[in-house]
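Chemist: Before we start, here is the structure in question, set down as structure tokens.
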Amino acid sequence: MGKDESTMENPSAFPMGEPNDGFAQYFVGQSYLAPVLESPQIAIHNVTFEPGCRNNWHIHHHAAQVLIAVGGRGYYQIEGQEPKELKAGQAVCIPADTKHWHGAAPDEAFSHLAFMVPVGDPSLMGNEWLEPVDAEAYGKLD
């Protein structure tokens, strides 16, 4: 496909990147992925979600995930808790081995920087992708 053909305006100062085709099966809606920093110590990516886009419930085994909102408006939810809004300038650390999801608000694009913080042996880190977020519950967020 090549260059990003979206007509959506980038909600952040970071690059929007290419369509996130490698993980599309784990998302409802269109997302984009852009590397911000890749080094042997850490990788940081900007993930941009079109309005209504969110990822499936998932677990990062042996790693906490840090999300730093950089544009638009989105949500994240940890299993057993209510969804929480995220706006540019806010950050959250999802504990290791915790079922959660994150994505855009139903009516607004959203971008966040994401990086992993290993807990224990970094070679044990891995993602477990689960079921989609309940569409009816998600639709009530706004």
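Each residue of the sequence shown is one higher than the one before, counting from 1 in the UniProt record's numbering.
For glycine and all other residues, C-beta sits at the position ideal for the given N, C-alpha and C.
1) Roughly how many angstroms separate the alpha carbons of D121 and A63, rounded to a whole number?
2) Ignoring anything shorter than 4 residues, give me the alpha helix (DSSP H) runs that lie fully in the region 69 to 139, in order along the chain.
3) Tell me the DSSP bridge mates of S31?
4) Per DSSP, which residues does N55 bridge with? Please list them.
5) List the whole-angstrom C-beta distance separating D107 from D142, where the pair is believed to meet the contact cut-off of C-beta under 8 Å.
6) Three or more C-beta pairs closer than 8 Å, one from the region 39 to 48 and one from the region 79 to 91: is that the case here?
7) Please state if the CB of Q65 and the CB of M125 are separated by a distance shorter than 7 Å.
8) Quick check on the burial criterion: 16 or more other C-beta atoms within 10 angstroms. Buried or exposed for Q25?
9) Between the Cα of residue 182 and the Cα atoms of V92, D97, G72 and H112, which residue gives the shortest distance?
10) What does a CB cutoff of less than 7 Å around L33 pick up in its chain, not counting 5 residues either side in sequence?
11) Mark S31 as exposed unless 16 or more other C-beta atoms lie within 10 angstroms of its C-beta, in which case mark it buried.
12) When the Cα atoms are used, what is the spatial distance from H61 to N10?
13) Among residues of its own chain, excluding the 5 on either side of E128, which ones have a beta-carbon nearer than 7 Å to its beta-carbon?
Modeler: Judging by the given coordinates:
1) Distance between the alpha carbons of D121 and A63 is about 9 Å.
2) 135 to 139
3) F49
4) F27
5) Yes, D107 and D142 are in contact; Cβ-Cβ is about 6 Å, under 8 Å.
6) no
7) no
8) exposed
9) Nothing can be reported for residue 182: it is not among the residues displayed for the chain, which extend from 1 to 142.
10) The answer, listed in chain order, is G17, E18, N20, H45 and V47.
11) buried
12) H61 and N10 have their C-alpha atoms spaced approximately 31 Å apart.
13) H58, I59 and H61
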